[in-house]
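Residue numbers (full-length UniProt numbering): 1 to 138. Backbone N, C-alpha and C define an ideal beta-carbon position, used for all residues, glycine too. Computed from a predicted structure; not experimentally measured.
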């Protein structure tokens, strides 16, 4: 797998698959290098990840998606470690993410060194676990 910063030409791919982002934010996040595309060996899009900033200073991984045939092969781990290294290069020493308490992703992140840092409880929603990892300075 190859990971690349999304480009304007990836807009349709992201728009059609990411239901958790305002349409008006897709292009600004692409142009701000806050979305990455995952490409297969054949250069086919197989997923994406996007992030923002918690408190406007801590990188927060908002979404990671890998198409079903490419799951369970270390693709997610490779993507998160890539993102952490990118954030380290930007001078960040901490990153964050979250996952719902009823999702298995919490175990995935814990294996990568993330630890629980709090939670958010919204009405009629499962508990959202906030997770943090210290990555050092780059």
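In terms of residues, what are the limits of the alpha helix (DSSP H) holding residue i?
{"i": "residue 12", "result": "11-17"}
{"i": "residue 109", "result": "105-111"}
Expressed to the nearest angstrom, what Euclidean distance is found between the alpha-carbon atoms of residue i and residue j?
{"i": "residue 138", "j": "residue 92", "result": "Caution applies to residue 138, whose pLDDT of 45 falls short of 50 and renders its modelled position unreliable; the model cannot decide the point."}
{"i": "residue 107", "j": "residue 116", "result": "11 Å"}
{"i": "residue 64", "j": "residue 135", "result": "19 Å"}
{"i": "residue 21", "j": "residue 13", "result": "13 Å"}
{"i": "residue 45", "j": "residue 125", "result": "31 Å"}
{"i": "residue 69", "j": "residue 41", "result": "13 Å"}
Check for me: the beta strand (DSSP E) holding residue i runs from which residue to which?
{"i": "residue 59", "result": "58-66"}
{"i": "residue 117", "result": "115-120"}
{"i": "residue 128", "result": "128-134"}
With distance defined between alpha-carbon atoms, name the residue in the options nearest to residue i.
{"i": "residue 11", "options": "2, 4, 1, 23", "result": "23"}
{"i": "residue 8", "options": "1, 19, 34", "result": "34"}
Which whole-angstrom value describes the C-beta separation of residue i and residue j, a residue pair presumed to lie in contact below a C-beta threshold of 8 Å?
{"i": "residue 139", "j": "residue 62", "result": "Here the chain has residues from 1 to 138 only, and residue 139 is not among them."}
{"i": "residue 60", "j": "residue 3", "result": "Going by Cβ atoms, the distance from residue 60 to residue 3 rounds to 18 Å, so no, they are not a contact pair."}
{"i": "residue 36", "j": "residue 48", "result": "6 Å"}
Note down, in chain order, each residue of its chain lying with its Cβ closer than 7 Å to the Cβ of residue i, except the 5 sequence neighbours on either side.
{"i": "residue 15", "result": "23, 26"}
Who are the near neighbours of residue i in its chain, counting only those whose CB is closer than 6 Å to its CB and skipping five residues on each side?
{"i": "residue 127", "result": "101, 119, 121"}
{"i": "residue 82", "result": "3"}
Whose C-beta lies closer than 8 Å to the C-beta of residue i among residues of the same chain, with five residues either side of it excluded?
{"i": "residue 105", "result": "99"}
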